[in-house]
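See structure below.
Protein chains: 2
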Amino acid sequence: MARTAGSHSDITGPRIREAALRLFAQHGYAAVSMRQIAKEVGVQAGALYNYTPDKQSLLFDLLKGHMDDLLTARAALKKPDTPEDRLETFTRFHIGFHLDRPEAVFISYMELRNLTAENFKIIEDLRGAYESELEDILRDGREQGVFHVADTKITTLAIIAMLTGVNTWYRSGGRLSQEEVETIYWDMVRKAVT
Amino acid sequence: MARTAGSHSDITGPRIREAALRLFAQHGYAAVSMRQIAKEVGVQAGALYNYTPDKQSLLFDLLKGHMDDLLTARAALKKPDTPEDRLETFTRFHIGFHLDRPEAVFISYMELRNLTAENFKIIEDLRGAYESELEDILRDGREQGVFHVADTKITTLAIIAMLTGVNTWYRSGGRLSQEEVETIYWDMVRKAVT
Numbered sequence: 001m002a003r004t005a006g007s008h009s010d011i012t013g014p015r016i017r018e019a020a021l022r023l024f025a026q027h028g029y030a031a032v033s034m035r036q037i038a039k040e041v042g043v044q045a046g047a048l049y050n051y052t053p054d055k056q057s058l059l060f061d062l063l064k065g066h067m068d069d070l071l072t073a074r075a076a077l078k079k080p081d082t083p084e085d086r087l088e089t090f091t092r093f094h095i096g097f098h099l100d101r102p103e104a105v106f107i108s109y110m111e112l113r114n115l116t117a118e119n120f121k122i123i124e125d126l127r128g129a130y131e132s133e134l135e136d137i138l139r140d141g142r143e144q145g146v147f148h149v150a151d152t153k154i155t156t157l158a159i160i161a162m163l164t165g166v167n168t169w170y171r172s173g174g175r176l177s178q179e180e181v182e183t184i185y186w187d188m189v190r191k192a193v194t
Numbered sequence: 001m002a003r004t005a006g007s008h009s010d011i012t013g014p015r016i017r018e019a020a021l022r023l024f025a026q027h028g029y030a031a032v033s034m035r036q037i038a039k040e041v042g043v044q045a046g047a048l049y050n051y052t053p054d055k056q057s058l059l060f061d062l063l064k065g066h067m068d069d070l071l072t073a074r075a076a077l078k079k080p081d082t083p084e085d086r087l088e089t090f091t092r093f094h095i096g097f098h099l100d101r102p103e104a105v106f107i108s109y110m111e112l113r114n115l116t117a118e119n120f121k122i123i124e125d126l127r128g129a130y131e132s133e134l135e136d137i138l139r140d141g142r143e144q145g146v147f148h149v150a151d152t153k154i155t156t157l158a159i160i161a162m163l164t165g166v167n168t169w170y171r172s173g174g175r176l177s178q179e180e181v182e183t184i185y186w187d188m189v190r191k192a193v194t
């Protein structure tokens, strides 16, 4: 009996996504062909099309998968009571989640320009949902008088840019442990909003 | 009399750099050919090679030109006396300089991976020189007891990531003026280090 499309996809799908992620991160989406991705996986180019209709779908799956993972991991976290504790949890979570997936983070920033307008909108909405979680913490803290933030939206974007920036320089085994880095950033974030 | 190479370069050079910058920012370095750049400028592909030996040199010129401009503009600024005033000047300068050149900033982050090792080292050293200016301010402030910073190197990288992040969302004519944005960021930076 021939392999079914289902069982084929189950095995090949993750390998295709991994190969596409690696190649997009290394060379950029526009420079990578479906043929190169197939070669990296070790299948015929035609076999790729059993799994994904085109390169755009592959890019979108990677970026959407990254955002889905982020929101799922965030939803699974315990939520402390106070705005300050919630902000610390958010800060440490954001750094750890992003350090664990450097290539996905890299293409999520680099390749937004290569999404179709429709796909871009979906990713932007997911980002908005994530940013809202941080903005809610800042707003609650401001209402309770523990945070002093002129503009919760801009402070949200500033904190996220600062925390994601860790990915550009942190190497495990370097001068500081991840825990120490998280603590230094948490100290800056806490002071910036109080 | 035939045009000299000198006069030809004087006119065509800036147009080639502009076209390369625009195309690299839009499609990514790896996806853009010398032929496309020539077409965008409106010259034969061969004419490009009078100006630049190859695409790598063109990318390097753009990234190095951006860093040279940054360091020159920074050096031309008045230097206030106190660490706090110097930090405010740095903060406002960094935001303004980067908002003025979105494409150069974009490729300076995106295309580092496409530089040769030798070219990468030169750009990294220039970045290091710029980062040192901020770190010196933080160190002086700490020595004078006005800043409380656990790690001046990491705080430098955190502040630069936060400030450069403005480029990802700011649009002139939006809800806030550049001056208002600078003031909000300066407030966060000031609080984060004191």
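In the order they appear, the protein sequences are chains U and D.
Note that the UniProt record's numbering gives residue 104 to position 104 of the first sequence, counting from 1, and the numbers run on in steps of one.
Note that the UniProt record's numbering gives residue 38 to position 38 of the second sequence, counting from 1, and the numbers run on in steps of one.
Yeah, the Cβ is synthetic: ideal placement off N, Cα and C, and Gly gets one too.
In whole angstroms, what is the alpha-carbon distance linking residue i and residue j?
i	j	result
D:D125	D:W169	28 angstroms
U:T12	U:Y51	8 angstroms
D:L48	D:M34	8 angstroms
D:S177	U:T164	25 angstroms
U:E118	D:E143	52 angstroms
U:K70	U:F97	For clarity, residue 70 of chain U is Leu in the given sequence; the question names Lys instead. Straight-line Cα distance between these residues: approximately 7 angstroms.
D:T116	U:G28	16 angstroms
D:I123	U:K78	43 angstroms
U:Q36	U:E18	13 angstroms
D:R113	D:A25	14 angstroms
U:K64	D:N167	23 angstroms
D:H94	D:R190	15 angstroms
residue 275 of chain U	U:A30	Chain U is shown only over 1 to 194; residue 275 of chain U falls outside these bounds and no answer can be derived.
U:G145	D:T72	43 angstroms
U:P80	U:L134	13 angstroms
residue 274 of chain U	U:D136	Nothing can be reported for residue 274 of chain U: it is not among the residues displayed for chain U, which extend from 1 to 194.
Under a Cβ-count criterion, where at least 16 other Cβ atoms within 10 Å of its own Cβ denotes burial, should residue i be classed as buried or exposed?
i	result
U:A20	buried
residue 202 of chain U	A query on residue 202 of chain U cannot be resolved here, the shown segment of chain U reaching from 1 to 194 and no further.
U:E111	buried
U:E179	exposed
U:T91	buried
D:A158	buried
U:A5	Because the pLDDT of U:A5 is 47, which lies under 50, any placement of that residue in the model is unreliable, and the question is left without a value.
Under 8 angstroms Cβ to Cβ from residue i, same chain only, skipping five residues before and after it: list those, please.
i	result
residue 216 of chain D	The question about residue 216 of chain D has no answer, for chain D in this structure spans 1 to 194.
D:K121	none
D:D68	L126
Which residues in the same chain have their Cβ closer than 7 angstroms to the Cβ of residue i, if we skip the five residues on either side of it in sequence?
i	result
D:L138	F147, V149, T152, T155, T156, V193
D:K55	M34
D:L23	V32, Q36, I37, E40
D:L99	V166, N167, Y170, Q178
Here's a check: name, in chain order, each residue in its chain whose Cβ is nearer than 6 angstroms to the Cβ of residue i, leaving out the five neighbours to either side.
i	result
D:H66	A104, S108
D:I16	V41, Y51
U:G141	P83, F147
D:E88	W186
U:G46	none
U:E131	T156
D:P102	N167
U:A76	none
U:P14	none
U:R74	none
Could you check whether the Cβ of residue i sits closer than 7 angstroms to any heavy atom belonging to the ligand FAD?
i	result
D:D140	No copy of the ligand FAD occurs in the structure displayed, which carries no ligand at all.
Mind the definition here: the stretch 104-114 of chain D touches the stretch 55-67 of chain D only if three or more C-beta pairs lie below 8 angstroms; say whether that holds.
yes
Three or more C-beta pairs closer than 8 angstroms, one from the stretch 163-179 of chain U and one from the stretch 173-187 of chain D: is that the case here?
Result no; under three Cβ-Cβ pairs closer than 8 angstroms.
Counting Cβ pairs closer than 8 angstroms, one from the stretch 126-139 of chain U and one from the stretch 36-44 of chain D, do we hit at least three?
no
With 7 angstroms as the C-beta to C-beta threshold (strictly closer), list the residues of the stretch 125-155 of chain U near chain A in chain order.
Absent from the structure: chain A. Protein chains present are U and D.
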